């Protein structure tokens, strides 16, 4: 009995802390067209973001300084990365700051596999190739 209880506690401790939903790619695409569209955040590196990202997504790498974060706490946030690990790290940081956070189920590979639109290019305000970082 003790082992079963201990195993259950470990499973709960290992569960994602996003406290929100796992949104299927097509569900996110539909939500983006609604009046109360979520804020979509790409937790990957700026280079990965530039190579292709969800339309409307903002680039906030999972290890970024969040002190000057320009997200609206009154709107839901959906995070994604390539495999889920970096999205989870960022989701936990956003949750700690009072955001409601959901996760793109299957992350960016699932978005691409669903044959949904992909935007290519750097984040607005990011230095272009050869330009010094600000």
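In mature numbering (1 follows the signal peptide of the UniProt record, and there is no 0), the protein residues as written are -19 to -1, 1 to 115. C-beta atoms are modelled at their ideal positions from N, C-alpha and C, and glycine is treated no differently. None of these values were measured; they are calculated from a predicted model.
- Residue 89 and residue 100 have their C-alpha atoms roughly 12 Å apart.
- By the beta-carbon neighbour count (other beta carbons within 10 angstroms, threshold 16), residue 66 is exposed.
- For residue 97, there is no enclosing alpha helix (DSSP H), since its DSSP letter is neither H nor E.
- Distances from the CA of residue 57 to each of 50, 82, 76 and 40 were compared; the closest alpha carbon is that of 82.
- Judged by their CB atoms, residue 6 and residue 87 are nearer to each other than the 8 Å cut-off.
- Taking C-beta atoms as the reference points, residue 23 and residue 40 count as a pair closer than 8 Å.
- Closest option to residue 42, judged by alpha-carbon separation, among 105, 10 and 62: 62.
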